[in-house]
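These notes are about the structure you will find just below.
The structure is reproduced here in structure tokens:
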């Protein structure tokens, strides 16, 4: 087994974790930082977007009409950007969020959703800048820290990603995806004992979290904990045959 093979699978698992349902993986919904739960792959099929916590969804035509009626209303432009983003119109969404921020530069939701849109456009540095701007305004926004951590980890900036995930967990200690992705970032720095501890937290919170069991097995294997790795592999096998085959091929019977 080579470390590069282990890391490759670990990164793959982490990418899968970023699109699975989890609290905190959402769009920002109002200037105070209260966040609605919008899972990326589900929202893309929806065609609606929430404008503030508890509000009825606003469709793209409704949002467009709102901006025409009230062009100086930042909330209208945020609603338009949200609707465009979930309809896979990220370029237009960037323009809408930027218009909102021209009106009110302190809109945390606009900064965070602008960051998510830059991620959609494969513009990670711009995404990082937008998330950080939102966090300068409000440090207590879990989704901004979580998305920032994911983007930093994708850039290979594991130490910075670790700091972002720890901020998520300060705010939401039960965020299983943040524990999982913290484990990935720690493993990326070869901090295996800490990675193992993070994965163990993830599976304690969500016992059927297959990706976390896979990451745990990989970290245990890299740390030389063979008996523990076998136990984690067996648990994974009962949950996800595909991931367990990947772990088997990498750690137990490498080609």
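Residue numbers (the working numbering): 60 to 314.
Where a beta carbon is used, it is the ideal one built from N, C-alpha and C, also for glycine.
Reduced DSSP secondary structure (H/G/I, E/B, other) of residue i
i           : result
residue 117 : strand
residue 200 : coil
residue 97  : Confidence at residue 97 is low in this model, with a pLDDT of 25, below 50, so its placement is unreliable and no value can be given for it.
residue 149 : helix
residue 127 : helix
residue 357 : Only positions 60 to 314 of the chain appear in the structure, and residue 357 is not among them; the question remains open.
residue 226 : helix
residue 163 : coil
residue 141 : helix
residue 233 : coil
residue 209 : helix
Straight-line Cα distance separating residue j from residue i
i           : j           : result
residue 154 : residue 312 : 51 Å
residue 200 : residue 244 : 20 Å
residue 197 : residue 175 : 17 Å
residue 165 : residue 304 : 48 Å
residue 145 : residue 139 : 10 Å
residue 170 : residue 157 : 9 Å
residue 272 : residue 215 : 22 Å
residue 242 : residue 293 : 20 Å
residue 142 : residue 135 : 11 Å
residue 368 : residue 182 : This structure cannot settle anything about residue 368, because the visible part of the chain is limited to 60 through 314.
residue 255 : residue 162 : 46 Å
residue 259 : residue 207 : 23 Å
residue 59  : residue 251 : No information on residue 59 is available, as it lies outside the stretch 60 to 314 that the chain covers here.
residue 96  : residue 307 : The predicted model places residue 96 with a pLDDT of 24, which falls under 50 and marks its position as unreliable, so this point remains unresolved.
Contact with chain B by residue i, beta-carbon distance below 8 Å
i           : result
residue 196 : Reference to chain B is not applicable here, since this structure consists of a single protein chain.
Whether residue i touches residue j by CB criterion (8 Å)
i           : j           : result
residue 291 : residue 302 : no
residue 133 : residue 159 : yes
residue 223 : residue 238 : no
residue 209 : residue 172 : no
residue 315 : residue 229 : Residue 315 falls outside the range modelled here, since the chain spans only 60 to 314, and no answer is possible.
residue 193 : residue 227 : no
For this session: Kindly confirm or deny that the region 259-270 and the region 278-288 touch, where touching means at least three C-beta pairs closer than 8 Å.
Result: With a cut-off of 8 Å, the region 278-288 and the region 259-270 do not count as touching, because too few Cβ pairs lie within range.
For this session: Quick one: which unbroken alpha helix (DSSP H) runs of 4-plus residues sit fully inside the region 172-198? Chain order, please.
Result: Qualifying alpha helix (DSSP H) stretches, in chain order: 183-196.
Exercise. Taking the runs of the alpha helix (DSSP H) that are 4 residues or longer, which of them lie wholly in the region 240-313?
Worked result: 251-264, 269-281, 285-298 and 300-306
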